[in-house]
Structure formats: C-alpha cells, structure tokens
Amino acid sequence: MNSYYNFSPADRYRALAWFKAQGKPPPTSCSACGEVAGILDWHSEDYSEPYTLDKIGAFSVCYVCHMFIHCRFGAAAHWREYVQLVDQGARFAPFHARAFPSFAARFLRGHPRDAVTSYDPYPGELPYLPTWLGGLSLNRDGS
C-alpha cells in the first residue's frame, strides 16, 4: 500500500484494520458511475483518527473509478476526461479481477473515451457525482 495524501501506509493499514472490524457489508454499486457488476470496493479520502464510517470506507466505487481516483495525481488529463465521461453517463466494461496492467493499458495509455462501452442513464440518483468525484483534489497533499 502506498501513501495517499499525507497518510502513510501505516496510517492506512490501521484505518483498514478498524474498518474491517466494523463488519460493513460489501458495496452493491459504485457511488460515482453507478456500476453494479465486477469488483466493487470501499474508498476513503480521510484516514485520520478518530475513525468513523463517514470517513473510512465512505464511498463505494467500482474498480475503474477506484483506480482512477488513486492514479489521478499522475494522470490529470486522463482523470478530467474520465470524470467528464462519467458525468455524461458513459459506461465501461467492469473488471472482474484486480488487473492494474489491463486498467493502465485501457485507460492511462489510451484515452478513456476509447474504453466507453455505452452511454446509459444512471440507475437511480447517484449521491456524489459530480461534487464528490469531480471535486477530488489533484494535489497530492489533498489541498
């Protein structure tokens, strides 16, 4: 695990251990793009104590959104394009295995628009986009 914002791997592992002990059920959809298939994870932006479920594991995300969130610092142009596509209802093939090399080939070495499989309306209201996904900082310190 790498550092994220100003949180060290040790900070993140402690928060993850706390989160696992809470027994929160797995997510059923991505709060950013609406994906319901493939790998779905919980994502945190803030790993500070005291831990709460409003901070740790606060956002449900599909593998594609999750990898983009963590790669956005080094791929700002691709990130902006991805957020715009998601905001327009773009859908992407879900990942059923954690395959970062495949993600990178599809989204970071090419254009995210080339990976769009369809444009569909969201399956219900998404609670965070664009204020959450599009509002994430591109600064590594979170400012």
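Residue numbers (the numbering used here): 1 to 143. Where is the CB? At the ideal position from N, CA and C, for every residue including glycine.
Among the options, nearest to residue i - alpha-carbon criterion
i, options, result
"GLN22", "GLY89, VAL86 and THR52", "THR52"
"GLY34", "PHE68, PRO9, ARG109 and GLY89", "GLY89"
Terminal residues of the alpha helix (DSSP H) in which residue i lies
i, result
"SER102", "100 to 103"
"PHE19", "9 to 22"
"PHE95", "Element bounds for PHE95: n/a, residue is neither H nor E."
"CYS30", "Here CYS30 belongs to no alpha helix (DSSP H), and DSSP marks it neither H nor E."
Buried versus exposed call for residue i [16 or more other C-beta atoms within 10 Å across all chains shown]
i, result
"PRO112", "buried"
"ARG109", "exposed"
"ARG98", "exposed"
Residue i - containing beta strand (DSSP E), residue span
i, result
"HIS43", "40 to 43"
Proximity of residue i and residue j at Cβ, strictly below 8 Å
i, j, result
"TYR47", "PHE7", "yes"
"THR117", "PHE92", "yes"
Chain B contact for residue i (CB, 8 Å cutoff)
i, result
"SER31", "You won't find chain B in this structure, because it holds only one protein chain."
Can you confirm whether the region 21 to 41 touches the region 56 to 70 when touching is taken to mean that 3 or more C-beta pairs between the two stretches lie within less than 8 Å? yes
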